[in-house]
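**Q** Quick one: the structure is below, questions incoming.
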Amino acid sequence: MYHLFALATAAFVAGTPLQPRQSDPCAIIAPKGWYKPSQVLNCLQSFPYNETLRNNVVDVVSKTFNFHTSVSFHLNMPDPFTDDTVDIQGELRRIGNIRYDSDFALHQDVSKSVKRLNDGHAGYVNYCYDSLYVTYLPFPLAVLARPDALDVQNIHIVPEASTVAAAEFGSDAVAKWQAALGRNLSDFNGARITAINGRDPWAVVDDSAAVTGGYQAKTTRQNSFFSSYQRAASEWSYRLGDFAQWPLPVKGDSVTLRLVRNGTNTEETYVVPYLSRIGSATVAFTDAKSLWANNCVATSGTNGASYYNKIQAKTKAVADKPRFQPDPEIAPIINGRRQPISGLVADGPLFDVSLPSRLAPPTPVSGTGALQFYVLDDKKTAVLVLGSFSGSFSGVQKGILDGIDAVKAKGATRLLVDVTNNGGGYICLAAWLHRVLAGPGPGTEPQPGLDGSVRAQDLAQKITAKIVANSTGVDPNGEMLYNPLGWRDTKSQRFPANFNWLDPAINMRINDVPDKFSQKIGDDCIPYDLTPPATRPFEFDSIAIMNNGRCASSCSLFTISMRTKYNVKTVVVGGKPGTTQQYCGVVGGQSLNFAAIDSDVKTAGLKNDPLAPADFIGDNYQGITWKLGYSILDQNQFEEFKTHPAQFAFPLLPNTVNNPIELWKDVSKRLWPN
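Numbered by UniProt numbering, the letters in the sequence shown go through residues 1 to 674 in order.
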């Protein structure tokens, strides 16, 4: 690892002559405080372009994408996902032939190109830049309907905006904003936005949706522009939305808003400054040199390691969860088997802002971590809130059973499942929730999950061949991804140790390009750790699943199974009026990252193979979709590329936006009037 540090540091020093401290743009922003985005940008752009670093990023990312299942599909994506069409390998070849003005310009090109996939599993992060500083506005937005005319919906500053700003940003930032605006921030609560930088606000929303990435559907990426809530492990969290929070500094230090404040009928124009501060996960620094050394060089968790290299394995155990990411970089072994994960890649801290206390629900009837149960005041409707499928594997399983027992004991006869902003987690927790709610039957037996396939490109086949030729020598403890002992067939039978499940590969022609996939494999979530209930706790017509469209990965696997197999109700709240909202997105089947792939490559002794990606020199993170699940309705096609329109799209109101209890009451009354 030392030689990587030395190489990266040498690249920095060679390209940048040491300068006096007062002329170092990074020294200026090193003390904690609020800065203009242009000041942050001056620092980030000061790191010189280095061809070695460019070639390294292109090599690692492009070769890692050879394991990504969706590359060929993105050459020509179907409706309604045509926006997601991109030749990512072609883009990386283009990047490999460009000389950039700075290392930051290289990062922007790689990041924007990968985000064009609109696949949150395939996120690319450079910790040298992404959320090193975070840029804010004091005005989270939402699409709100008029209570007396639900068809009249407009973009508003949320009613709680000033409360969030005061709690999160403190008096110094609030004073700066109020001085620039000439008014108290509270004067803008609930204001209707009529223009952003002189443009129709929906045009600005669409511009954001074109670059934010993460979700296949444009409507869901539009929804990302707006504020929302999420149940985190220890609190109710507040998502500011893409308008009010940026992981990279914006161009320009202010935004011009034309708006109508509550209680007035006149349009007014205000210039609102952006303010940037150091990210919560950024390692402190004093100047450009220490910024680079502390935040930009590969760490013990950046790259993979052989599972049987004891020194590296011990080092990696200390840093098994990369910055921002909610799950470990390599799925842990729990109760004797590796628990697969499917989750989105985050380019910034997920839970930095808290939901205002007056909006947070009261003490739940039952719950643990991101799993909470409530009973509404109608005494009939239970609410299961699940902010993610991460956290304590055993705790969530038991928490689901305990919570259902608790709300049933209070007389609940119907269940509203709120998975707002649930970005996934353990696949088998999603399968467990599916089994508990659906009960025993053909939809959950012999397995509750989807059959799937992984991409079977040449290096993946070489890894598998090495394992099956000498499993006790290469992988005696069954740690590797490609070890057949870790997988089952579609009838839920475990593969034998000498079974090469990637050979022969299934040859496919996708968008007129040849590709190769493994045979179908089943999910690996049985036997369960706990005994599942013998009967389902609620009738299917008394179950509804709601969110803001931002339900992905394991959350998608759960919601699709419930909707497709049992016709439970699906609801999306908020969003652009008149559009078809998707109740989930980014289905996948199992997600991984470069470090996990690299660990298999190194364990198999194939790191010197020309197909193997190098180690990252910088502190980077690359995710992929490693396995795709087959469609429930068409076993010859992948679920990833199917549309999932919500059965109901309900508007948000001034009294329900980011107010979970009031929102649950409103949704429940609309779904079940009696």
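All residues carry an ideal CB built from backbone N, CA and C; glycine is no exception.
Let me check understanding here. Comparing Cα to Cα, which of G190, V110 and D172 lies closest to V211?
**A** That would be V110, whose Cα lies nearest to the Cα of V211.
**Q** Quick check: the Cα distance between D451 and S492, rounded to an integer number of angstroms?
**A** Spanning the two alpha carbons is a distance of roughly 10 Å.
**Q** In angstroms with no decimal places, state the Cα-to-Cα distance between A331 and R258.
**A** Each residue's alpha carbon lies about 48 Å from the other.
**Q** For I597, which three-state DSSP category applies?
**A** I597 falls in the helix class under three-state DSSP.
**Q** How would you call K63, buried or exposed, if buried means at least 16 neighbouring beta carbons within 10 angstroms?
**A** Answer is buried; the Cβ neighbour count reaches 16.
**Q** Output the boundary residues of the beta strand (DSSP E) element that contains K569.
**A** Segment K569 to V573, the beta strand (DSSP E) holding K569.
**Q** Using a threshold of 9 Å, state whether the C-beta atoms of V272 and F139 are closer than that.
**A** Yes, the pair counts as a contact, with Cβ atoms nearer than the cut-off.
**Q** Taking DSSP as the reference, what is the three-state secondary structure of E160?
**A** If DSSP states are grouped into helix, strand and coil, E160 belongs with coil.
**Q** Is the stretch 358–371 touching the stretch 629–645, taking contact as three or more C-beta pairs under 8 Å?
**A** The stretch 358–371 vs the stretch 629–645: no contact.
**Q** Opposite M508 in the DSSP bridges: which residues?
**A** DSSP lists D515 as partners of M508.
**Q** I'd like to confirm the pairing. Which residues does DSSP put opposite Y238 in its beta bridges?
**A** Y229, per the DSSP bridge assignment.
**Q** Can you tell which of N500, C428 and P362 has its C-alpha closest to the C-alpha of K462?
**A** Closest by alpha carbon: N500.
**Q** Should R550 and Y215 be called a contact, given that it needs their Cβ atoms to be closer than 9 Å?
**A** It is a contact, given that the beta carbons lie within the stated cut-off.
**Q** Are the CB atoms of F538 and R414 nearer to each other than 9 Å?
**A** Contact flag set, yes.
**Q** In this structure, does DSSP put D148 in helix, strand or coil?
**A** In this structure, D148 counts as coil in the three-state DSSP scheme.
**Q** Under the three-state reduction of DSSP, which class applies to I617: helix, strand or coil?
**A** Coil.
**Q** Just tell me which of K602, P610 and T656 has its CA closest to the CA of N303.
**A** Here the closest residue by C-alpha is K602.
**Q** For R277, name the three-state secondary structure that DSSP assigns.
**A** Three-state DSSP puts R277 in a strand.
**Q** Leaving out the 5 sequence neighbours to the left and right, which residues in its chain are closer than 8 Å to D666 when beta-carbon positions are compared?
**A** Excluding positions up to five away in sequence, the list reads F650, L653 and T656.
**Q** Helix, strand or coil for R54 per DSSP?
**A** In the structure shown, R54 sits in a helix (DSSP, three-state: H, G or I).
**Q** From the DSSP output, which residues share a beta bridge with K627?
**A** Paired residues: V454 and Q590.
**Q** What is the rounded straight-line gap between the Cα of residue 683 and the Cα of N507?
**A** Only positions 1 to 674 of the chain appear in this structure, which leaves residue 683 out of reach.
**Q** Answer yes or no: do A232 and A370 have a C-beta to C-beta separation smaller than 9 Å?
**A** A contact, by the Cβ cut-off of 9 Å.
**Q** Quick one: give me the first and last residue of the beta strand (DSSP E) that N126 is part of.
**A** Looking at the DSSP string, the run of the beta strand (DSSP E) that includes N126 is Y124 to N126.
**Q** If we call anything under 9 Å between Cβ atoms a contact, is C26 one with D287?
**A** A contact, by the Cβ cut-off of 9 Å.
**Q** Identify whether Y100 lies in helix, strand or coil by the three-state DSSP scheme.
**A** Residue state, collapsed to three classes: coil.
**Q** What is the C-beta distance between Y307 and S591, in whole angstroms, given that I count them as a contact (C-beta under 8 Å)?
**A** Wrong, their Cβ atoms sit about 20 Å apart, outside the cutoff.
**Q** Could you give the residue range of the beta strand (DSSP E) that holds V260?
**A** First-last of the beta strand (DSSP E) with V260: S254 to V260.
**Q** Between residue 708 and G449, which are expected to be in contact by the criterion C-beta below 8 Å, what is the C-beta distance as a whole number of angstroms?
**A** There is simply no residue 708 to check, as the chain begins at 1 and stops at 674 in what is shown.
**Q** So, is S171 buried or exposed, given that buried needs 16 or more other C-beta atoms within 10 angstroms?
**A** So S171 counts as exposed.
**Q** Can you say whether D619 is buried or exposed, counting buried as having 16 or more other CB atoms within 10 angstroms of its CB?
**A** Classification for D619: buried.
**Q** Pull up the CB-CB distance for L106 and P249, whole angstroms please, since I reckon it's below 8 Å.
**A** Not really, about 16 Å apart at Cβ, beyond 8 Å.
**Q** Using C-beta distances below 6 Å, list every residue in its chain close to V419, excluding the 5 sequence neighbours before and after it, in chain order.
**A** Answer for V419: L386, N547, C551 and C555, listed in chain order.
**Q** So if DSSP puts I193 in a beta bridge, which residue, or which two residues, is it bridged to?
**A** Note: I193 sits in a beta bridge opposite L259.
**Q** Hey, out of N56, T52, C43 and H68, whose CA is closest to L459's CA?
**A** Ranking the options by Cα distance to L459, first place goes to H68.
**Q** With distances taken Cα to Cα, identify the nearest neighbour of P496 among V474, P504 and W487.
**A** Out of V474, P504 and W487, W487 has the C-alpha closest to the C-alpha of P496.
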